[in-house]
Amino acid sequence: MAEAGKVPVTECVGAALRFVRANLRLIATMSALGALAGTLFSAIGLFVAPLSLPAMLASGLAQAIVYAAFIRVAMGEPDLASQRLVGDGLLVWAAMAVIGFFLFIVLTLGVFAAAIALAAGPIAPYIGELQAAGDDQEAVVAIMVRFSEENPGALLALTAFFGGIWLLLTSRLYLAAPASIEAKRVMVFDTWKATKGAMLRICAARLLLLLPAYLLVSALSYLFGRALGIDTMDFNAVAAAAQANPVGVLGYTLGASFVTLAAYSSFEAGLSAYLYQGLKPAQPASTDS
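Under our numbering, read the sequence shown as residues 1 to 289, first letter to last.
Structure follows, in structure tokens:
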């Protein structure tokens with residue numbers, strides 16, 4: 001375990017890697033179960049349109065349950081009794097929902113600020129064309145595509161701005177899942193103080209460990225989709241495939257979900273649990289009266 005209150009980047013990354021290596025069978029089993037459950041809910045949403053939203057939420061819960069199992073094992077508590085595991089998953093799901101809502105508010109404010117900056121700067125020459133396009137969505141999209149091609153620097157700066165906000169804020173709240181599991185109640189902003197002074201090191205550890213994992217998972221998922229004849233980089237193509245070849249899309253969902261849980265979520269859980277054990281507030285020592 002890291003020294004209390006410290007975040008040695010390479011040590012944290014190494015601990016997450018050791019956790020995954022030591023629990024490959026459990027990770028593969030839980031990832032397969034989570035992928036199967038998520039795909040089942042996706043099938044319900046695909047074939048029964050009125051249930052698409054509940055099915056999507058249930059699929060997210062299935063992933064949260066698997067993630068909670070990884071965290072519990074990473075914290076040295078291998079008790080995966082089904083009742084407790086579902087409860088842990090609900091806590092993790094609720095914590096992520098709170099974080100998602102918080103980020104939505106912050107990033108919405110950021111969008112307004114970015115829109116004002118763009119309107120006064122690089123997008124100004126295109127405003128007349130956008131006004132002339134009116135409600136013609138295809139024309140608006142074409143103008144924005146041309147803007148991005150002619151102003152790659154502005155697009156890169158915008159991406160870095162929002163990506164940086166997301167990385168910094170989620171790093172301050174990175175202990176929410178393990179804290180919620182240990183406390184048996186939703187803990188989100190309660191963990192803010194624990195990461196004070198460690199945010200940049202947490203960012204570094206996440207980038208060092210999870211960026212390669214994300215690139216690997218994305219590449220494997222894309223290649224798997226292409227093997228099934230689905231261009232996962234094209235949203236319209238995926239939507240069309242869901243109508244024309246729902247079995248193929250569900251097969252892709254199953255494979256991509258398994259890879260994501262096994263090759264990304266497991267590393268993230270190991271890192272989050274290790275950081276929590278080093279950064280959580282020390283429990284007061286009990287004294288005999």
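Yeah, the Cβ is synthetic: ideal placement off N, Cα and C, and Gly gets one too. All of these numbers come straight from a predicted model, not from anything done at the bench.
(1) Would you call the stretch 260-275 and the stretch 217-224 touching, i.e. three or more CB-CB distances under 8 Å?
(2) Less than 9 Å between the beta carbons of ALA205 and VAL13, yes or no?
(3) Assign ASP136 to buried or exposed, taking buried as 16 or more other Cβ atoms, counted over all protein chains shown, within 10 Å of its Cβ.
(4) Secondary structure at GLY163, three-state DSSP: helix, strand or coil?
(5) How long is the line joining the alpha carbons of PHE70 and LEU279, rounded to whole angstroms?
(6) Contact defined as beta carbons within less than 8 Å: I believe GLY110 pairs with PHE162. What is the distance between those atoms, to the nearest angstrom?
(7) Using C-beta distances below 7 Å, list every residue in its chain close to GLU77, excluding the 5 sequence neighbours before and after it, in chain order.
(8) Using CA coordinates, which residue listed in GLN277, TRP166, ALA269, PHE258 is at the minimum distance from THR39?
(9) Contact between the stretch 102-109 and the stretch 46-64: three or more CB pairs below 8 Å?
(10) Suppose the cutoff is 7 Å on Cβ atoms and the five residues either side in sequence are ignored; what does the same chain contact list for PRO178 look like?
(11) Should MET233 go down as buried or exposed, given a rule of 16 or more other Cβ atoms within 10 Å for buried?
(12) Straight-line CA distance for TYR174 to ALA132?
(13) Going by DSSP in three states, ALA117 sits in which element: helix, strand or coil?
(14) Measure the alpha-carbon distance for THR253 versus ALA160 and round it to whole angstroms.
(15) For the alpha helix (DSSP H) containing VAL13, name the first residue and the last one.
So, from the data block:
(1) The stretch 260-275 vs the stretch 217-224: in contact.
(2) The answer is yes: Cβ separation under 9 Å.
(3) Taking all protein chains in view, the Cβ of ASP136 is surrounded by fewer than 16 other Cβ atoms within 10 Å, so the residue is classified as exposed.
(4) In the displayed model, GLY163 falls within a helix according to three-state DSSP.
(5) Going from the Cα of PHE70 to the Cα of LEU279 covers about 19 Å.
(6) The Cβ separation is near 6 Å, so the contact holds.
(7) The answer is none, since no qualifying residue turns up.
(8) Out of GLN277, TRP166, ALA269, PHE258, PHE258 has the C-alpha closest to the C-alpha of THR39.
(9) The answer is no - the stretch 46-64 does not touch the stretch 102-109, with fewer than three Cβ pairs under 8 Å.
(10) The answer, listed in chain order, is ILE71, MET75, SER272, ALA273, TYR276.
(11) That one is exposed.
(12) For TYR174 and ALA132, the distance between alpha carbons rounds to 45 Å.
(13) Looking at ALA117 - three-state DSSP - the assignment turns out to be helix.
(14) The alpha-carbon atoms of THR253 and ALA160 are separated by roughly 29 Å.
(15) Where VAL13 is concerned, the enclosing alpha helix (DSSP H) stretches over 9-22.
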